[in-house]
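To start, the structure under review is shown below, and the notes come after it.
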Amino acid sequence: MSFWNKLFGFKKKTSKSDRESPYLPKKSDEIEIVFAKLFTEKGGKFIYSEDPKSTDNYFKLILQENKWDYNDILCFNQNIADRFHIRCQSINVNIDKFKVFLIDCEYLIA
Numbered sequence: 596m597s598f599w600n601k602l603f604g605f606k607k608k609t610s611k612s613d614r615e616s617p618y619l620p621k622k623s624d625e626i627e628i629v630f631a632k633l634f635t636e637k638g639g640k641f642i643y644s645e646d647p648k649s650t651d652n653y654f655k656l657i658l659q660e661n662k663w664d665y666n667d668i669l670c671f672n673q674n675i676a677d678r679f680h681i682r683c684q685s686i687n688v689n690i691d692k693f694k695v696f697l698i699d700c701e702y703l704i705a
């Protein structure tokens, strides 16, 4: 860096190769991004809804598309079961008879 650049506070621009040194740890995606990538690679879909009415509509469409009915859904959370008008199951239920598991992980349906 020249004298004038030092005097006036101009800094040397770092090149991309300087920032991506083989000696520095690799930047990795946040866990949410990794999950989203793997989920969609395996055929999962994300649906954004703006209000409860559209959420209900999407929920019914997902059931229809996959030929599921309300008896195919396993849910242990009473609030979610009430929200979607499904039966809340006990922890001791045989999970093999269900096709869908509805959980309270930020209302993720997978």
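Each residue of the sequence shown is one higher than the last, beginning at 596 in the numbering used here.
Note that CB positions come from ideal geometry on N, CA and C, so glycine has one too.
Same chain, Cβ closer than 7 Å to residue i, neighbours up to 5 away in sequence not counted
i	result
ILE642	TYR653
ILE675	LEU697 and ASP699
THR650	SER644
According to DSSP, residues forming a beta bridge with residue i
i	result
PHE696	LEU669
Contacts around residue i, its chain only, beta-carbon distance under 8 Å, and the 5 residues preceding and following it disregarded
i	result
ASP624	LYS632
THR635	PHE641
Endpoints, the alpha helix (DSSP H) within which residue i is located
i	result
ASN689	Element bounds for ASN689: n/a, residue is neither H nor E.
ASN652	647-660
Which of helix, strand or coil DSSP assigns to residue i
i	result
GLU767	Residue 767 lies beyond the residue range present for the chain, which begins at 596 and ends at 705; the question has no answer from this structure.
ARG678	helix
LYS632	helix
Contact set for residue i: own chain, Cβ-Cβ below 6 Å, skip 5 residues either direction
i	result
TYR665	ILE681
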